[in-house]
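Participant: I have a structure I would like to understand better, so I am pasting it below and will then ask my questions one at a time.
Residue numbers (the numbering used here), protein chains in the order written: chain Z, 19 to 128; chain R, 762 to 1368.
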């Protein structure tokens, strides 16, 4: 199942920040984890992921560093900043409230 | 070989960021193709990355960063066992990707870049705004709706021909071809006892019929001088040297008050001088009737000048003629005290009693009309009293400044944007003239002109303010000087009227009174006030002759000793000042009768 773009715009950044909460990751890793952990629901191509990461970086919610990988190529790793952690905490509360409200309305199962 | 080396060098230079060049390294690290080749990715993937990166339209450094990330991503995918076509499909819409990447990368840029971009945008907006304003400015056309010249000429138009003095004056002037000669003017300045007096007396004797015509013309109630093109200033016989420029149909100055010529002022001044000279001669000859008629004719010329088109300069010239008439009354009392009969003294007192206040001597109605006329020729008219400046402003301001239409380039750039609107300019001007009229209605000693000038100074406070209200600073007149002048005239008038009453008293009682109160009310309605202090005018007898004076600017009674200038000469403008603290004023009084030194009331004194 694919998520509508508008919904993805809200859910995508939270999902990425949540994945980075567990430690720094590079782009392909994030794509894989999103696909796997959301059963493909939150799967996103590079055309969505990298702009999303750049936006989070511009807002100071994630930071990046470049490291040379084993194959000798540069690879960029992203990590959650303190500011990103606070934002994730706020977002999480909002999603929980939203989830409860949607459940009460019978849109999602409780 | 050497060519290949050069190509390689040039290639590396082309793809080396400036920061590396500065550090002395030709890294060539901005070469995306080299990066892609080194990554050994499938051709389709390389092509996709190349297209996406190119479509981002970012800087070379940003592109290489994006390329590195995408290369790493695809390499990771391939290493994980994914097929190239699967990875390309999973990538998504490349156009959308390039667009979003560009947007996000720009968002990531340094705050200084964003600040500079904001500044650039602001400048662009300002430039666009300026361009629109300038376009509107150059497209703007004034639409004058009031013919102020016709308004000024209304009185002339409505005056029956037999009540107009100008046709008579015109004939007299045509019979005086020497009126343009400097020598003639110098001769007319002569007084009894001076070197040129015999020559002047001879001329006066020979021209008695002409002088009688001047007196006759002065008896007419109105002047009847039509202003503007087609008016009397363009009389080809009287003013043959005046070249009437051909009228350009669209010239904004056509029929404008600012371009009105007033050559009759100097002509009437000349005729009044002839009357004054003949008054000297009549006094010498003991001809009381002619002396009286000459004095009254001078005052009548002043009345005629004020009977129509009362522009400030006209009023000032009229004050000058009245002042000369007062001098002739004084000379008659001092030099030939028995010449004029009682009734003649009374008639002269009656004649000189009016006008008695500043508003009767000068009016600002025409000044106001002149400014409104200028504004309606500079601004557009939105039908609701407002409008914006037009290029005609340059023409008018240039003409006014006598620069042939040249307005400084910086003003040309800023005026269209910064100059206040028509409504605001008129509102400020009218408020200033209202304020001036209220001040002129007060005695000079009570009129505080400081707020008036403070307002003018506020317009000069900053360059912005000056550019916004520059028109006002150019056209709001410095009227306190005119107020000084009217007050000086009125003080002289008070003194001469008092001197006439003193002479009548002497004739009735055989001696002068001890105080001026004795004159009132039989010979003088009331004792005049000292126009500096508001106290009664000072009076004393010196060698048996009356002396009338004000305590002057220092407000101390110096016994009637006049205030002197640096050269040791009595000077009215030193003694009669209202804008100076008494402690800073020179010692000495403002002697009004007999005037210690004959000073003509020159219109040049008014700014």
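Ideal Cβ positions, reconstructed from N, Cα and C, are used throughout, including at glycine.
None of the values given here were measured: they were computed from a predicted structure.
Could you work out which residues of chain R lie near residue 69(Z), taking near to mean beta carbons separated by less than 8 Å?
Facilitator: By Cβ distance, chain R contributes 858, 861, 862, 864, 865.
Participant: Following the continuous beta strand (DSSP E) through residue 85(Z), name the residue where it begins and the one where it ends.
Facilitator: It spans 80 to 86 - the beta strand (DSSP E) in which residue 85(Z) sits, taken as one unbroken run.
Participant: Bridge partners of residue 1350(R), per DSSP?
Facilitator: Answer by DSSP bridge pairing, in chain order: 1323(R).
Participant: Less than 7 Å between CB atoms is the rule here; does residue 92(Z) satisfy it with respect to chain R?
Facilitator: Yes, residue 92(Z) counts as interfacial toward chain R.
Participant: Indicate whether residue 9(Z) and residue 42(Z) have their beta-carbon atoms separated by less than 7 Å.
Facilitator: For residue 9(Z) there is no data in the structure shown, the boundaries of chain Z being 19 and 128.
Participant: Consult DSSP for residue 92(Z) and reduce its assignment to one of helix, strand or coil.
Facilitator: If DSSP states are grouped into helix, strand and coil, residue 92(Z) belongs with the strands.
Participant: Out of 800(R), 854(R), 1025(R), point me to the one whose CA is closest to residue 812(R)'s CA.
Facilitator: Taking only the C-alpha atoms, the option nearest residue 812(R) is 854(R).
Participant: Excluding sequence positions up to five away, which residues of its chain have a Cβ less than 6 Å from the Cβ of residue 87(Z)?
Facilitator: Only 93 meet the Cβ criterion.
Participant: Considering just the uninterrupted stretch of the alpha helix (DSSP H) at residue 1309(R), what are its terminal residues?
Facilitator: Where residue 1309(R) is concerned, there is no enclosing alpha helix (DSSP H), although the beta strand (DSSP E) it sits in stretches over 1306 to 1311.
Participant: Among the candidates 847(R), 782(R), 859(R), 930(R), whose CA atom is the shortest distance from the CA of residue 69(Z)?
Facilitator: Nearest option by C-alpha distance: 859(R).
Participant: Could you tell me which whole alpha helix (DSSP H) segments of length 4 or greater appear in the segment 961 to 1005 of chain R?
Facilitator: Here the runs fully enclosed are 969 to 979.
Participant: Mind pulling the alpha helix (DSSP H) runs of 4 or more residues that sit fully within the segment 860 to 917 of chain R?
Facilitator: Counting whole runs of 4 or more residues, the segment 860 to 917 of chain R contains the alpha helix (DSSP H) stretches 872 to 900.
Participant: Identify which residue in 1011(R), 1029(R), 877(R) has its Cα closest to the Cα of residue 1059(R).
Facilitator: Here the closest residue by C-alpha is 1029(R).
Participant: Look up residue 138(Z) in the DSSP assignment and say whether it is helix, strand or coil.
Facilitator: Residue 138(Z) falls outside the range modelled here, since chain Z spans only 19 to 128, and no answer is possible.
Participant: One question on the structure: do residue 1284(R) and residue 1265(R) come within less than 7 Å of each other, judged by their Cβ atoms?
Facilitator: Yes; because the gap between Cβ atoms is below 7 Å, this pair is in contact.
Participant: In the DSSP output, what is residue 1150(R) paired with across the bridge?
Facilitator: DSSP lists 1140(R) as partners of residue 1150(R).
Participant: In whole angstroms, what is the alpha-carbon distance linking residue 1023(R) and residue 924(R)?
Facilitator: Near 20 Å, if we compare the C-alpha coordinates of residue 924(R) and residue 1023(R).
Participant: Just by C-beta distance, which residues in the segment 827 to 842 of chain R are closer than 7 Å to chain Z?
Facilitator: Under the 7 Å Cβ criterion, the segment 827 to 842 of chain R contributes 829, 830, 831, 832, 833, 834, 836, 837, 838.
Participant: Quick one: which residues of the segment 55 to 83 of chain Z get their C-beta closer than 7 Å to a C-beta of chain R? List them in chain order.
Facilitator: Cβ contacts with chain R come from 63, 64, 65, 66, 68, 69, 72, 73, 75, 76.
Participant: Quick check on residue 1193(R): buried or exposed, where buried means 16 or more other Cβ atoms within 10 Å of its Cβ?
Facilitator: Buried, since its Cβ has 16 or more Cβ neighbours within 10 Å.
Participant: Quick one: which residues of the segment 26 to 49 of chain Z get their C-beta closer than 9 Å to a C-beta of chain R? List them in chain order.
Facilitator: So the close ones are 44, 45, 46, 47, 49.
Participant: Determine the closest residue to residue 1345(R) out of 1299(R), 1037(R), 817(R), 1314(R), with distance taken between C-alpha atoms.
Facilitator: Checked all of 1299(R), 1037(R), 817(R), 1314(R); the closest Cα to residue 1345(R) is 1314(R).
Participant: On the criterion of 16 or more Cβ atoms from any shown chain inside 10 Å, does residue 1291(R) qualify as buried, or is it exposed?
Facilitator: Burial call: buried.
Participant: With burial defined as no fewer than 16 other Cβ atoms inside 10 Å of the residue's Cβ, what is the status of residue 1337(R): buried or exposed?
Facilitator: Counting Cβ neighbours within 10 Å, residue 1337(R) comes out buried, since at least 16 surround it.
Participant: Mapping DSSP to helix, strand and coil, what is residue 1250(R)?
Facilitator: Note: residue 1250(R) maps to helix in three-state DSSP.
Participant: In this structure, does DSSP put residue 1229(R) in helix, strand or coil?
Facilitator: Here residue 1229(R) sits in helix by DSSP.
Participant: If residue 1177(R) and residue 894(R) are in contact, beta carbons under 8 Å, what's the gap, nearest whole angstrom?
Facilitator: Contact flag correct, Cβ pair sits at about 6 Å.
Participant: My guess is that residue 1186(R) and residue 1127(R) are in contact by the Cβ rule of under 8 Å, so how many angstroms apart are they, rounded?
Facilitator: Not confirmed; about 18 Å, so no contact.
Participant: Measuring alpha carbon to alpha carbon, tell me which residue in 805(R), 863(R), 857(R) is nearest residue 818(R).
Facilitator: Among 805(R), 863(R), 857(R), the Cα nearest to that of residue 818(R) is on 863(R).
Participant: Under a Cβ-count criterion, where at least 16 other Cβ atoms within 10 Å of its own Cβ denotes burial, should residue 966(R) be classed as buried or exposed?
Facilitator: With fewer than 16 other Cβ atoms within 10 Å, it is exposed.
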